[in-house]
Amino acid sequence: MATETRAVPADDIAEILLDAPAIAAKVKELGARIAADYADKDPVLVSILKGALPFLADLMRQVPIRLSLDFLEVSSYGSSTESSGVVRILKDLANPVAGRHVLVVEDILDTGFTLRYVLEHLNDQKPASIRLCTLVDKPARRIVPITVDYRGFEIPDRFVVGYGLDYGERYRNLPFIGVLKPEVYGRA
Ligand code: IMP
Ligand code: MG
Numbered sequence: 002m003a004t005e006t007r008a009v010p011a012d013d014i015a016e017i018l019l020d021a022p023a024i025a026a027k028v029k030e031l032g033a034r035i036a037a038d039y040a041d042k043d044p045v046l047v048s049i050l051k052g053a054l055p056f057l058a059d060l061m062r063q064v065p066i067r068l069s070l071d072f073l074e075v076s077s078y079g080s081s082t083e084s085s086g087v088v089r090i091l092k093d094l095a096n097p098v099a100g101r102h103v104l105v106v107e108d109i110l111d112t113g114f115t116l117r118y119v120l121e122h123l124n125d126q127k128p129a130s131i132r133l134c135t136l137v138d139k140p141a142r143r144i145v146p147i148t149v150d151y152r153g154f155e156i157p158d159r160f161v162v163g164y165g166l167d168y169g170e171r172y173r174n175l176p177f178i179g180v181l182k183p184e185v186y187g188r189a
């Protein structure tokens with residue numbers, strides 16, 4: 002059997018933009034705000050798979066109020082680093098959100114195409130309210146205007162991986178957010 006040696010994901014990182022302690026501190030701060038704002042609202046946190054998974058898992062444990070969770074999985078056609086604006090639902094909500102206070106939990110806001118689609122899709126169900134929490138925002142890339150109610154970090158126009166964010170489905174398991182070495186993009 003041929004053995005193949007593969008570098009561990011962290012070896013492919015050129016630069017760390019947000020380290021694990023910085024992310025944890027921000028998640029705690031966002032959680033405190035959300036807990037105060039939703040204390041008596043029994044919100045449903047709607048998270049977008051797969052990228053928002055670590056953020057949701059950490060965030061919800063900083064929001065010690067009555068709440069529930071639901072998930073959407075979407076894909077946007079395009080290359081691994083550019084979304085195209087054509088969004089498709091791969092997995093829909095398990096429960097209706099009509100009349101509920103919905104908080105959308107997303108990993109990153111880039112052009113805004115994905116969230117515009119998701120927010121319209123959720124609004125069709127007539128929730129009592131709908132707000133957006135994104136860990137990372139790349140405002141320089143915005144094409145569609147989106148209102149962010151809870152924003153973790155603003156970062157420059159760079160493609161980032163880690164803490165849920167992928168390049169070709171890899172690197173989601175890194176505990177920090179960073180930029181890949183240029184040579185990684187040439188690799189299959
Ligand atoms: P948008 O539709 O352009 O706003 O892109 C949103 C989606 O594109 C996110 O949910 C991510 O899946 C992906 N995305 C955008 N920017 C990045 C990035 O820098 N790294 C990894 N994924 C990204
Ligand atoms: Mg992605």
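Each number in the working numbering corresponds to the 1-based position in the sequence shown with 1 added. Glycine included, every Cβ here is placed at the ideal spot set by N, Cα and C.
Asked, Found
"Applying the 10 Å Cβ sphere with the 16-neighbour rule, what's the burial state of R101?", "buried"
"Take every Cβ of the stretch 64-81, pair it with every Cβ of the stretch 10-25, and state whether three or more of those distances are shorter than 8 Å.", "no"
"On the DSSP letters alone, give me the boundaries of the alpha helix (DSSP H) that G187 sits inside.", "183-187"
"Roughly how many angstroms separate the alpha carbons of G52 and S130, rounded to a whole number?", "24 Å"
"Regarding D41 and ligand 1, is the C-beta to nearest heavy atom distance less than 6 Å?", "no"
"Beta carbon of L166: closer than 6 Å to some heavy atom of ligand 1?", "yes"
"Have a look at D12, R143, P65 and flag the residue whose alpha-carbon is nearest the alpha-carbon of K29.", "P65"
"With a cut-off of 8 Å, do at least 3 Cβ pairs link the stretch 106-121 to the stretch 52-61?", "yes"
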